[in-house]
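Undergrad:
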Amino acid sequence: MALGSQEVISMRRPPIFLTCCIFVLFGLLGSRGANADALVADLSEQLVKIDLGFTGKKVLLYGTFEGDGEVIVVVQGPREPVTIRRKGRIAGIWANEAAVTFTNAISFYQVMASEELNEWLPLTIREQHQIGVEYLSFKSKQKIGPAQQADFQTALIRNKQALGHYGVLEGRVKVIGGKLFRTEVIFPANVPTGAYSMEAFLVRNGKVVSSQKTPLHISKSGIEAEIFNLAQDYPKIYGFLAILIAVAAGLAANAGVLRRR
């Protein structure tokens, strides 16, 4: 999905993929008799820290599975309230004419698959597991009709896609040797913080035969976290300091202009 400006992704070298998957594979083979459809997955890291130099992050999700099938990975961030406003002409002036608040919007959502979803994934499975932005469920705070709900929901999804927070990436899960799989989850610089769920599905003959959820946490650190906590815990003090900094910056800029004269 295209963004207004190209993002530079900082990347720490993940663990050696093949070595990790060999250990996972041996663990799976040890319990093969108990579950012949098992899928096992893990992450290169389960904590992403955001500091002042954060420009994005790639996290490797890898694993192994038994038997045939296709692999889907669904990434979901924490839910949050989101208000969508629609502008219109009121007395000849463009203004907000309507607003809808969705109380449970997913802050970040990505789907990655080994193949094109429409070719092999039944509609019932996509609806049941909310695989694809068109199958996401949103609750509106206001009482609105189905048509208006659909319009505002489409606008929310469009806004999230523009931010790089929603996407469906087919062909991004690489299957190696019919047993191992891997994919890179790319988090942009503006990624929301909170608890994430990384769920991998093994689909065979149109049915989900195995799945596994792996947690990931994204949090602010360093001075970035201190500023955020100040804004949340003491909003009046934060606002006052922001005004002081703005005034000081304006005075400094004005003094520089006077010196040049």
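Position 68 of the sequence shown, counting from 1, maps to 72 under the working numbering, and the rest follow consecutively.
Ideal Cβ positions, reconstructed from N, Cα and C, are used throughout, including at glycine.
(1) Are at least three pairs of beta-carbons, each pair with one atom in the stretch 70–78 and one in the stretch 146–158, less than 8 Å apart?
(2) Locate the beta strand (DSSP E) running through Lys178, then write down its first and last residues.
(3) Can you give the Cα-Cα distance for Val52 and Lys217, rounded to whole angstroms?
(4) Do you know whose CA, among Val63, Ile88, Ser223, lies nearest Glu101's CA?
(5) Considering Cα atoms alone, identify which of Glu188, Val207, His169 is closest to Ser111.
(6) Would you check if the stretch 176–196 and the stretch 120–140 touch, i.e. whether three or more CB-CB distances between them fall below 8 Å?
(7) Give me the Cα-Cα distance between Gly71 and Gln146, rounded to the nearest whole angstrom.
(8) Starting from His169, follow the beta strand (DSSP E) in both directions and report where the run begins and ends.
(9) Distance check for Val251 and Gly243, CA to CA, integer angstroms please.
(10) Quick one, are the C-beta atoms of Glu174 and Leu121 less than 8 Å apart?
(11) From which residue to which residue does the alpha helix (DSSP H) around Thr128 run?
(12) Let's test the definition: count the other Cβ atoms within 10 Å of the Cβ of Gly149 and tell me whether it reaches 16, buried, or not, exposed.
(13) Which residues does DSSP list as the beta-bridge partners of Phe185?
(14) Could you tell me the boundaries of the beta strand (DSSP E) in which Glu203 lies?
(15) In this structure, does DSSP put Glu49 in helix, strand or coil?
TA: With the given structure in hand:
(1) no
(2) 178–180
(3) 17 Å
(4) Ile88
(5) His169
(6) no
(7) 47 Å
(8) Neither: His169 is in no beta strand (DSSP E) and is coded neither H nor E.
(9) 12 Å
(10) yes
(11) 127–133
(12) exposed
(13) Gly67, Val179
(14) 198–208
(15) coil
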